[in-house]
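Protein chains in written order, with UniProt numbering: chain L, 1 to 297; chain H, 1 to 309.
Step one of this worksheet: look at the structure below.
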């Protein structure tokens, strides 16, 4: 290792000429072939979305064939039909309430629990709690799905409130894992200084630590948002009242009615995907960096 | 520090005292911080786990009284063709999808990490599937597989594809894998990209000077350097795909018959609709053991490889 390193070191030092030539061979900075290849591959992402858009704008008799052609006669009413059929305002509001509730509560509570655990890892009780929560990462949801559905029904939590609660509780395992890792990197000197100034533990957490957690809060917030908004299984088994159905759930419930009316179905799919897609388009970098941080920690 | 030896014991004592006092006072607040979380977690996670295990020893249909049947559910599971098929089908999809997702994601991530134009834009496009609901995307793919693809195949004269992939289990699994790869490559690409950015560019420059081929560079530099990211992605992908549910609901609903049921779908259908609450609880317990077992074995193998390279 060390010999090859020194060898290349001397090589670079000695011959300054070959280096630019080698670079020149693969293009002056930009590899256009690779760019073209990746752009073509990106079409695989675009095709299903393009297909959804053109289908949502057709009349039913324009369907048939491969379906990739542009609509000859645009029918905007498909969106109105889908809007009415799935009761879009209510459904979207349900999804929004559940997602916002889950994100806000998760950020406020999970970070606090992680803080208490991270700063007391030397105590056996807190260390035990840490492993207790994190071990849930190994318990897949299908295993507890039957009893949880029963339990929430008994407790009258088979509704939006119950769903929010479950997202907050089931998020604990992963969130504590990444929050504690981050909190451990925050020096304790700040808290000690605040404690000497007479701040209580609560005040220290909310005023000193919580603001410092901003990057991790972004990560956890994004991941919770994507999860709660797009989740299908948990709403499917928990929600009993059709009036509190979320957007993915309602697509499932209305499948039988869509069967005869594909354009309205696709309009409905687009409307279900649109809110998060629009947010993503504007907050793209922020979302990607947030997700990356969560996985790398 | 060392020159202040006489002062040191004083500050030490001065610091220790508030710390001890703080320790006693703070502990109360810390307990309050974790107590509600502990209670809720116990009620909504641990109790269901215990309940699930309890029901697995009963013949409960999901309501009304139930009798204790000992290990009968577990014994029956191992001879139930529907259950065995669901496991086989789940393993097939999970294995193929995990491998394909990681190959595709790694290849695209390496491309995106290259000297390309529109780097951020392309990265943004490749991540889109991760913000979409699998179920909804699945319905779009369902239409593509059952209507567009056969029509396209007919035009091109490919007889093998002229009937929908989704009508037979022997081809439906391919459609399910395609949807799974399309949807999860997005996440894995981002992780690999983060990993690739940790590899110092000097290493490639050095390898270039030594005349190493691109494949050789990948094998000797890139892959060893991102082995940890490879492990994360493999473990997360496999764990996710073993629980596959949404994809199958959207594409086949488990059909034709029960030919494309995954374990998670079988537990759902049997437990909620089929009156097999106790029986499927036993299935859940077995499924749990299988998933934990897989995760441990996989982590062990991949970690050992990481050390070797």
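For glycine and all other residues, C-beta sits at the position ideal for the given N, C-alpha and C.
These numbers come from a predicted model, not from an experiment.
Quick one: give me the first and last residue of the alpha helix (DSSP H) that residue i is part of.
i	result
residue 56 (chain L)	32 to 56
residue 268 (chain L)	262 to 282
residue 220 (chain L)	214 to 230
residue 197 (chain H)	Neither: residue 197 (chain H) is in no alpha helix (DSSP H) and is coded neither H nor E.
residue 160 (chain L)	160 to 184
residue 246 (chain H)	246 to 251
residue 251 (chain L)	247 to 253
residue 268 (chain H)	263 to 268
residue 310 (chain L)	Limits of chain L in this structure are 1 at one end and 297 at the other, which puts residue 310 (chain L) out of reach.
residue 55 (chain H)	47 to 55
residue 155 (chain H)	149 to 156
Quick check on residue i - is its C-beta less than 8 Å from some C-beta in chain H?
i	result
residue 25 (chain L)	Any answer about residue 25 (chain L) is weak, because its pLDDT of 44 lies below 50 and its placement is not dependable; what the coordinates show is given next. No - not a single Cβ of chain H is within 8 Å of the one on residue 25 (chain L).
residue 121 (chain L)	no
residue 230 (chain L)	yes
residue 300 (chain L)	Only positions 1 to 297 of chain L appear in this structure, which leaves residue 300 (chain L) out of reach.
residue 77 (chain L)	no
residue 90 (chain L)	no
residue 202 (chain L)	yes
residue 291 (chain L)	yes
residue 67 (chain L)	yes
residue 29 (chain L)	yes
residue 39 (chain L)	yes
residue 164 (chain L)	no
residue 161 (chain L)	no
residue 262 (chain L)	yes
residue 136 (chain L)	yes
Using CA atoms only, rank isn't needed, just tell me which of the options is closest to residue i.
i	options	result
residue 115 (chain H)	L:88, L:157, L:33	L:33
residue 174 (chain L)	L:47, L:31, L:295, L:43	L:295
residue 42 (chain L)	H:62, H:138, H:249, H:189	H:189
residue 85 (chain H)	H:295, H:257, H:109, H:299	H:257
residue 241 (chain H)	H:122, H:228, H:89, H:107	H:89
residue 270 (chain L)	L:79, L:249, L:164	L:79
residue 111 (chain H)	L:124, L:39, L:240, L:232	L:39
residue 242 (chain L)	L:263, L:210, L:160, L:125	L:160
residue 200 (chain H)	H:70, H:68, H:119, H:217	H:217
residue 128 (chain L)	L:66, L:140, L:114	L:114
residue 198 (chain H)	H:113, H:158, H:152	H:113
residue 216 (chain L)	L:176, L:165, L:90, L:194	L:176
residue 261 (chain H)	H:272, H:271, H:245, H:71	H:245
residue 183 (chain L)	L:205, L:193, L:248, L:172	L:205
residue 57 (chain L)	L:71, L:293, L:101	L:71
residue 288 (chain L)	H:171, H:191, H:29	H:191
residue 169 (chain H)	H:61, H:77, H:251	H:251
residue 328 (chain L)	H:47, H:221, H:286	The structure shown does not extend to residue 328 (chain L), since chain L is modelled only from 1 to 297, so the question has no answer here.
residue 212 (chain L)	L:187, L:192, L:193, L:60	L:187
residue 54 (chain H)	H:45, H:44, H:70, H:155	H:70
residue 221 (chain H)	H:101, H:305, H:203	H:203
residue 129 (chain H)	H:177, H:181, H:64	H:181
Counting only beta-carbon separations shorter than 8 Å, does residue i have a partner in chain L?
i	result
residue 125 (chain H)	yes
residue 246 (chain H)	yes
residue 269 (chain H)	no
residue 112 (chain H)	yes
residue 280 (chain H)	yes
residue 295 (chain H)	yes
residue 24 (chain H)	Low confidence applies here, because residue 24 (chain H) scores a pLDDT of 47, under 50, leaving its location unreliable; read the following figure in that light. Not closer than 8 Å to any Cβ of chain L, the Cβ of residue 24 (chain H) fails to qualify, so no.
residue 102 (chain H)	no
residue 277 (chain H)	yes
residue 133 (chain H)	yes
residue 220 (chain H)	no
residue 152 (chain H)	yes
residue 243 (chain H)	yes
residue 141 (chain H)	yes
residue 129 (chain H)	yes
Counting only beta-carbon separations shorter than 8 Å, does residue i have a partner in chain B?
i	result
residue 278 (chain L)	No chain B is part of this structure, whose protein chains are labelled L and H.
>> To be precise: take each residue of the segment 43 to 63 of chain L, compare its Cβ to all Cβ atoms of chain H, and keep it if any distance is under 9 Å. Which residues remain?
In response: Listed in sequence order: 44, 45, 46, 47, 48, 49, 51, 52, 55, 63.
> If you scan the segment 88 to 145 of chain H from start to end, which runs of the alpha helix (DSSP H) of 4 or more residues do you find wholly inside it?
Replying inline: 119 to 127, 134 to 143
> Closer than 8 Å, Cβ to any Cβ of chain L: which residues of the segment 44 to 64 of chain H, in chain order?
Replying inline: 44, 45, 47, 48, 49, 51, 52, 55, 62
>> For a minimum of 4 consecutive residues, which ranges assigned as the alpha helix (DSSP H) are wholly contained in the segment 57 to 126 of chain L?
In response: 77 to 85, 88 to 118
>> What are the residues in the segment 211 to 228 of chain L lying within 8 Å of chain H by C-beta distance?
In response: 226
>> Threshold first: 4 residues or longer. Then list the alpha helix (DSSP H) segments lying entirely within the segment 203 to 232 of chain H, N to C.
In response: 214 to 217
>> Under 9 Å, CB to CB, which of the residues in the segment 176 to 201 of chain L have a partner in chain H?
In response: 176, 192, 195, 196, 200, 201
>> For the segment 98 to 129 of chain L, list every residue whose C-beta sits within 9 Å of some C-beta in chain H, in sequence order.
In response: 109, 110, 112, 113, 115, 116, 117, 119, 120, 123, 125, 126, 129
>> Give me the subset of the segment 207 to 235 of chain H whose CB atoms are less than 9 Å from a CB atom of chain L, sorted by chain position.
In response: 207, 208, 209, 210, 229, 232, 233
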